[in-house]
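Novice: If you want this note's numbering, it's the position in the sequence shown, counting the first as 1, plus 210.
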Amino acid sequence: MPVKVAFIGAGSVGFTRGLVRDILCVPELQDTQFSFTDINAHNMDMVYQLCKRDISFAGLKATISATLDRREALKEANYVISCVRVGGLEGFQTDIDIPLRYGIDQCVGDTLCAGGIMYGQRTIAALLGFCKDISEVSAPGCLFLNYSNPMAMNVWACDKYGYGVKTVGLCHGIEGGIYQIGKVLGLPQNELDIICAGINHQTWYVGVKHKGIELTGQLLEAFERHPEYSKTEKVRIDMLRRFGYYSTESNGHLSEYVSWYRKRSEEINEWIDLSSWINGETGGYLRVCTEGRNWFEHDFPNWMQGPPHTFRPEDRGHERGSYIIEALETGRVWRGHFNVINNGTITNLPEDACVEVPGYVDGNGISIPRVGDLPLGCAAVCSSSISVQRLSVEAAVHGDDTLLRQAMMMDPLTGTMCNPPEIWQMVDEMLVAQAEWLPQYSKSIEEAQQRLSKGKLIPTREYRGAARLHTKSVEEMATAKEESRRNAQDADKGKLLKTQ
211 MPVKVAFIGA
221 GSVGFTRGLV
231 RDILCVPELQ
241 DTQFSFTDIN
251 AHNMDMVYQL
261 CKRDISFAGL
271 KATISATLDR
281 REALKEANYV
291 ISCVRVGGLE
301 GFQTDIDIPL
311 RYGIDQCVGD
321 TLCAGGIMYG
331 QRTIAALLGF
341 CKDISEVSAP
351 GCLFLNYSNP
361 MAMNVWACDK
371 YGYGVKTVGL
381 CHGIEGGIYQ
391 IGKVLGLPQN
401 ELDIICAGIN
411 HQTWYVGVKH
421 KGIELTGQLL
431 EAFERHPEYS
441 KTEKVRIDML
451 RRFGYYSTES
461 NGHLSEYVSW
471 YRKRSEEINE
481 WIDLSSWING
491 ETGGYLRVCT
501 EGRNWFEHDF
511 PNWMQGPPHT
521 FRPEDRGHER
531 GSYIIEALET
541 GRVWRGHFNV
551 INNGTITNLP
561 EDACVEVPGY
571 VDGNGISIPR
581 VGDLPLGCAA
591 VCSSSISVQR
601 LSVEAAVHGD
611 DTLLRQAMMM
621 DPLTGTMCNP
631 PEIWQMVDEM
641 LVAQAEWLPQ
651 YSKSIEEAQQ
661 RLSKGKLIPT
671 REYRGAARLH
681 TKSVEEMATA
691 KEESRRNAQD
701 ADKGKLLKTQ
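So, in structure tokens, the structure goes:
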């Protein structure tokens, strides 16, 4: 029987179309049955039309369907892939703009800090609904592959409260760092033996070998002398200098997960670089996502007239989902990095936490080897974030706004920038602004509205951030059509060209 793969949030053109292509590049999977579902019929239909045209043009046996009925899409699925953004760009905007009024300057705001915590509150409730449906209507043993952030919080919640559904989190962040390490060492990427371990977006390259020789100790000097990275990756290099290991996540991401680099607005520009959003631009990811979605809407007719995807081995991308499905279905062994519950894999991090670690996949399943202890400093950085994640997960599952506020207090950058009364008021504002996506908080939202209506509020400021760039209009994007098209179609927007 053909494998059935269901996509939730299928209106995400970068992830959905790219993963469909990757799966169909595997000869044994070219009869896959795809089913799409989304709450936005318009977005889903555009991606459905593109993928259906790709498959038809290639003459493959694969089939594709699209429906607003989630349970229908998930029926008898062997694999379910989630790439949802709960709250869409509207919710994302509040994750960035409300904290800015309290001095919290985020580059991304989707994993930790105030924005990431609230993103988790919106997303976890939705994912648990997905898990319930999977447990009831999907094929026995269905594997849930989650691409949605905040990755660690989401996988943690699904594992603990997700009706027994096997969940694995996938992120492409590790690949970018491996590419950088190869460049600074002057070595081919495919010759490096890399081991990463930690938590998502705070994973550390604890082993870097070439032909059996350990090179980790050479990384600091290599990055410091590199003409590009010495300017664009100042936070990552400083963390390497202080902790001895390079971190997987980009300069902008990493800068908002700790308390040291974005706490003084006059110093932020010393640590970031505006040649690319991912190096630390205020609200940078929101900007490129907004521009990408707007361009896709505008340019869709041209996409339908452009060349369809082809399905040769060399066309395949690097997203991990297709490689996992290939290994499980064919028995071919694949090694990658996975977000899973720790269960003793990293021995000096909590067992119940979600960690990002190496693993192997074949016809017998996913196997995770024991990593052992992280270096103490690296473990300490991860541990402070894990406390935030644990509070956030329990808050989201139970609609407990006290735990939510405590998570904000414990978050490194939020706690650095705000005192407790400011955090309480900011949470009230964010709950009210995001009410339509937070059904579990209905009572807390009503109470927050009452407090905010009294008028005796802590003063905040209108603040656009230390490094906020203009969001281009469609007319402005039209002056660089190819760049705009790449932005719209690329799931990993960290690969984007430098901003204009």
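Positions of the beta carbon are idealized from the N, C-alpha and C atoms, including for glycine. The model shown is predicted, which means the values in this text are computed figures rather than measured ones.
#1: For E536, which of helix, strand or coil comes out of DSSP?
#2: Cα separation between G228 and R472?
#3: For a test of the three-state rule: what should DSSP assign to G326, helix, strand or coil?
#4: For the putative contact between L380 and Y357, defined by C-beta atoms under 8 Å, what is the C-beta separation to the nearest angstrom?
#5: For a test of the three-state rule: what should DSSP assign to Y495, helix, strand or coil?
#6: What's the call for T520, buried or exposed, on a 16-neighbour Cβ count within 10 Å?
#7: Can you tell me the Cα-Cα spacing of Q710 and Y533, whole angstroms?
#8: Roughly how many angstroms separate the alpha carbons of N489 and C317, rounded to a whole number?
#9: For a quick check, are the C-beta atoms of E385 and M687 less than 8 Å apart?
#10: Would a check of beta-carbon distances place G386 closer than 8 Å to chain D?
#11: May I ask you to report which of helix, strand or coil DSSP gives G462?
#12: So if DSSP puts P568 in a beta bridge, which residue, or which two residues, is it bridged to?
#13: For a quick check, are the C-beta atoms of M449 and S457 less than 8 Å apart?
#14: When we look at the beta-carbon of A216 and count the other beta-carbons within 10 Å, is it buried (16 or more) or exposed?
#15: Just to confirm, is the Cβ distance from V416 to L260 under 8 Å?
#16: Given a threshold of 16 other Cβ atoms within 10 Å of its Cβ, counted over all protein chains shown, does M627 qualify as buried or as exposed?
#17: Bridge partners of H420, per DSSP?
#18: Go ahead and pull the three-state DSSP assignment for P212.
#19: What does the alpha-carbon distance come out to for the pair H436 and L338?
#20: Measure the beta-carbon distance from G383 to E459 and round it to whole angstroms, keeping in mind my assumption that it falls under 8 Å.
#21: Locate the beta strand (DSSP E) running through N410, then write down its first and last residues.
#22: Can you say whether K691 is buried or exposed, counting buried as having 16 or more other CB atoms within 10 angstroms of its CB?
#23: With distances taken between CB atoms, is the gap from V607 to I334 smaller than 8 Å?
#24: In whole angstroms, what separates the C-alpha of Y289 from that of D572?
#25: Could you tell me the boundaries of the beta strand (DSSP E) in which N364 lies?
#26: Just verifying my parser: in three-state terms, what is the DSSP assignment at Q240?
#27: In the DSSP assignment, what are the bridge partners of F354?
#28: Taking 8 Å as the cut-off, does the region 288–303 touch the region 348–362 (at least 3 CB pairs, one atom from each stretch)?
#29: Buried or exposed: which applies to S683, given that a residue is buried once 16 or more other Cβ atoms fall within 10 Å of its Cβ?
#30: Is it true that the region 602–618 meets the region 406–420, where meeting means three or more beta-carbon pairs spaced less than 8 Å apart?
#31: Please work out which residues of its chain come closer than 7 Å, Cβ to Cβ, to E632, disregarding the five sequence neighbours upstream and downstream, and give them in chain order.
#32: CA-CA distance, S222 and F506?
#33: Residues bridged to A276 by DSSP?
#34: Would you tell me roughly how many angstroms separate the C-alpha atoms of I249 and R452, rounded to the nearest one?
#35: Applying the 10 Å Cβ sphere with the 16-neighbour rule, what's the burial state of T304?
#36: Measure the C-alpha to C-alpha separation of S694 and R674 and round it to an integer number of angstroms.
Specialist: In terms of the structure at hand:
#1: Translated into the one-based positions of the sequence shown, residue 536 becomes position 326. Correct three-state label for E536: helix.
#2: What you label residue 228 is simply residue 18 of the sequence shown in a count that begins at 1. What you label residue 472 is simply residue 262 of the sequence shown in a count that begins at 1. Answer to the nearest angstrom: the Cα atoms are 34 Å apart.
#3: Residue mapping note: residue 326 aligns to position 116 of the sequence shown, counting from 1. DSSP places G326 in helix when its eight states are reduced to three.
#4: Mapped onto the sequence shown, residue 380 falls at position 170. Mapped onto the sequence shown, residue 357 falls at position 147. Rounded, the Cβ-Cβ distance is 6 Å, consistent with contact.
#5: The sequence position of residue 495 within the sequence shown is 285, counting from 1. In the structure shown, Y495 sits in a helix (DSSP, three-state: H, G or I).
#6: As a position in the sequence shown, residue 520 is number 310, starting the count at 1. Label assigned to T520: exposed.
#7: As a first step, residue 710 must be located in the sequence shown, where it is residue number 500. As a first step, residue 533 must be located in the sequence shown, where it is residue number 323. Legend: pLDDT at Q710 = 33, less than 50; position of this residue unreliable, no value from coordinates given.
#8: As a position in the sequence shown, residue 489 is number 279, starting the count at 1. As a position in the sequence shown, residue 317 is number 107, starting the count at 1. Their backbone Cα atoms lie some 8 Å apart in a straight line.
#9: The sequence position of residue 385 within the sequence shown is 175, counting from 1. The sequence position of residue 687 within the sequence shown is 477, counting from 1. Their beta carbons are not under 8 Å apart, which means E385 does not touch M687 by this criterion.
#10: The structure shown has no chain D; it contains just one protein chain.
#11: Looking up residue 462 in the sequence shown gives position 252. G462 falls in the helix class under three-state DSSP.
#12: Taking the sequence shown and counting its residues from 1, one reaches residue 568 at position 358. In DSSP, P568 forms a bridge with H547.
#13: By 1-based counting over the sequence shown, the position of residue 449 is 239. By 1-based counting over the sequence shown, the position of residue 457 is 247. A contact, by the Cβ cut-off of 8 Å.
#14: Along the sequence shown, one-based indexing puts residue 216 at 6. A216 is buried by the Cβ-count criterion.
#15: Within the sequence shown, the letter at position 206 stands for residue 416. Within the sequence shown, the letter at position 50 stands for residue 260. No. Outside cutoff.
#16: Taking the first residue of the sequence shown as position 1, residue 627 is located at position 417. Under this definition M627 is a buried residue.
#17: Walking along the sequence shown from the start, residue 420 turns up at place 210. Paired residue(s): L402 and I423.
#18: Here residue 212 is taken as the residue at index 2 of the sequence shown, counted from 1. DSSP places P212 in coil when its eight states are reduced to three.
#19: Working through the sequence shown from its first residue, we reach residue 436 at position 226. Working through the sequence shown from its first residue, we reach residue 338 at position 128. Computed Cα separation, rounded: 45 Å.
#20: Taking the sequence shown and counting its residues from 1, one reaches residue 383 at position 173. Taking the sequence shown and counting its residues from 1, one reaches residue 459 at position 249. About 6 Å; that satisfies the 8 Å criterion.
#21: Here residue 410 refers to the residue found at position 200 when the sequence shown is read from its first residue. First-last for N410: undefined, no H or E at that position.
#22: The sequence position of residue 691 within the sequence shown is 481, counting from 1. Under this definition K691 is an exposed residue.
#23: Working through the sequence shown from its first residue, we reach residue 607 at position 397. Working through the sequence shown from its first residue, we reach residue 334 at position 124. Yes.
#24: Locating residue 289 in the sequence shown gives position 79, where the first residue counts as 1. Locating residue 572 in the sequence shown gives position 362, where the first residue counts as 1. About 15 Å.
#25: Residue 364 sits at position 154 when you count from the first residue of the sequence shown. Here N364 belongs to no beta strand (DSSP E); instead the alpha helix (DSSP H) covers M361 to Y371.
#26: Here residue 240 corresponds to residue number 30 of the sequence shown, with the count starting at 1. Of the three classes helix, strand and coil, the one that applies to Q240 here is coil, per DSSP.
#27: The count along the sequence shown starts at 1 and reaches residue 354 at position 144. Per DSSP, V290 and T377.
#28: yes
#29: Here residue 683 refers to the residue found at position 473 when the sequence shown is read from its first residue. The residue is exposed, with fewer than 16 neighbouring Cβ atoms inside 10 Å.
#30: no
#31: The residue labelled residue 632 in the question sits at position 422 within the sequence shown. Excluding sequence neighbours, E632 sits near Y312 and I668.
#32: If you number the sequence shown from 1, residue 222 lands on position 12. If you number the sequence shown from 1, residue 506 lands on position 296. Looking at the two C-alpha atoms, the distance is approximately 10 Å.
#33: Along the sequence shown, read from residue 1 onward, the residue named residue 276 stands at position 66. In the DSSP output, where bridge partners are listed per residue, A276 has F246.
#34: Translated into the one-based positions of the sequence shown, residue 249 becomes position 39. Translated into the one-based positions of the sequence shown, residue 452 becomes position 242. Cα to Cα, I249 sits roughly 45 Å from R452.
#35: Looking up residue 304 in the sequence shown gives position 94. Classification of T304: buried, given that the 10 Å Cβ count is 16 or more.
#36: Locating residue 694 in the sequence shown gives position 484, where the first residue counts as 1. Locating residue 674 in the sequence shown gives position 464, where the first residue counts as 1. S694 and R674: Cα-Cα distance of roughly 24 Å.
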